[in-house]
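Below is one structure, written out as structure tokens; comments come after it.
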Amino acid sequence: MGSETRPAARRRSRISPDRAAELYALVLDRLREVGYDALSVEDVAARARMSKATIYRQWGGKPELVIAALRSLGPPEVDAVDTGNLRDDLKAYIEQYHQMAALDRGMNRAVAHAIHRDPRLMDAVRQAIVEPGLAALDTVLSRGVARGEVPAGCKALPYVKYMLLGTLGGEAVLDEDVDIAFLHGYIDHVIAPALGLRAPGDPDGPPPAGPHRW
């Protein structure tokens with residue numbers, strides 16, 4: 015049994031929600047600074063002025079503590095995307111993810127390297143970030159179908175999530191930075207044609223949704 019996880023029985027926590035929030039913020043800061051492998055319960059406990067025993071009793075060890083800290087971030091706010099047409103909805107959706115990634119590149123890269131070695135961490139990231147994001151994407155695509163922009167039987171619809179995950183995850187894997195113009199181009203030249211969306215300015219395409227936000 016590694017030193018970072020102990021099978022001790024859990025007791026009801028006396029840690030207040032505010033104190034737990036402070037601890038989670040500290041864990042996320044250290045994750046950004048040193049990465050997952052170098053993060054230790056001992057270091058976190060010392061910085062938080064909390065006993066190691068308390069952390070082990072409440073969370074069990076480093077993996078569980080990091081998982082709880084990631085979950086404390088809440089789901090990404092991508093469910094309000096509704097510009098009036100699917101092409102711009104997809105651009106707004108991917109822009110929000112890009113902005114979130116740009117704000118926290120250090121933590122994203124630390125987590126991206128760690129999830130492949132810890133299935134529990136991968137599950138936590140999936141539940142806290144990936145699944146809410148995919149649910150929001152389903153809503154965006156369903157609106158496009160309801161507006162008649164894409165037929166319900168379009169064979170490309172099930173693959174959109176994989177196309178988006180590929181380009182959003184590619185930054186961490188390839189260690190390359192992409193900008194909004196690149197991501198908008200990806201929508202215009204890869205995803206929109208796959209869905210059969212007409213090019214902007216096409217008289218047979220959907221009407222414009224108003225002034226462009228970008």
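At position 19 of the sequence shown (counting the first as 1) the number is 33 in this note's numbering, and the numbers step up by one without a gap.
Every residue gets a Cβ at the ideal spot worked out from N, C-alpha and C, and that includes glycine.
Collapsed DSSP secondary structure at residue i in the structure displayed
i: G75; result: strand
i: E254; result: Only positions 15 to 228 of the chain appear in the structure, and residue 254 is not among them; the question remains open.
i: G210; result: coil
i: N99; result: coil
i: P9; result: Outside the modelled stretch of the chain, which goes from 15 to 228, sits residue 9, for which no answer is possible.
i: E109; result: helix
i: R63; result: coil
i: D191; result: coil
i: I205; result: helix
i: I81; result: helix
i: G88; result: coil
i: H127; result: helix
i: I29; result: coil
i: A34; result: helix
Limits of the alpha helix (DSSP H) - the one that residue i falls within
i: A240; result: What the structure shows of the chain is the stretch from 15 to 228, and residue 240 is not part of that stretch, so it cannot be assessed.
i: A170; result: Note, A170: premise wrong, no alpha helix (DSSP H); not H, not E.
i: P133; result: 133-139
i: T153; result: 145-160
Neighbourhood of residue i by C-beta, 6 Å cutoff - its chain only, sequence neighbours within 5 removed
i: A124; result: L45, G49, Y50
i: G158; result: L100, V164
i: A62; result: L37, L40
Chain-order list of residues whose beta-carbon lies under 8 Å from that of residue i (same chain, five-residue window excluded)
i: L182; result: I108, Y111, H112, A115
Contact set for residue i: own chain, Cβ-Cβ below 7 Å, skip 5 residues either direction
i: M136; result: I129
i: K175; result: L148, L151
i: A223; result: Bear in mind that the predicted position of A223 carries a pLDDT of just 41, short of 50, making it too unreliable to give a figure here.
i: M177; result: V204, I205
Legend entry - Cβ pair count under 8 Å reaching 3, the region 159-170 against the region 70-78: no
Legend entry - Contact between the region 143-152 and the region 96-103 (3+ Cβ pairs under 8 Å): no
Inset, instruction - Inspect the CB distances between the region 196-205 and the region 104-115 and report whether three or more fall short of 8 Å. - result: yes
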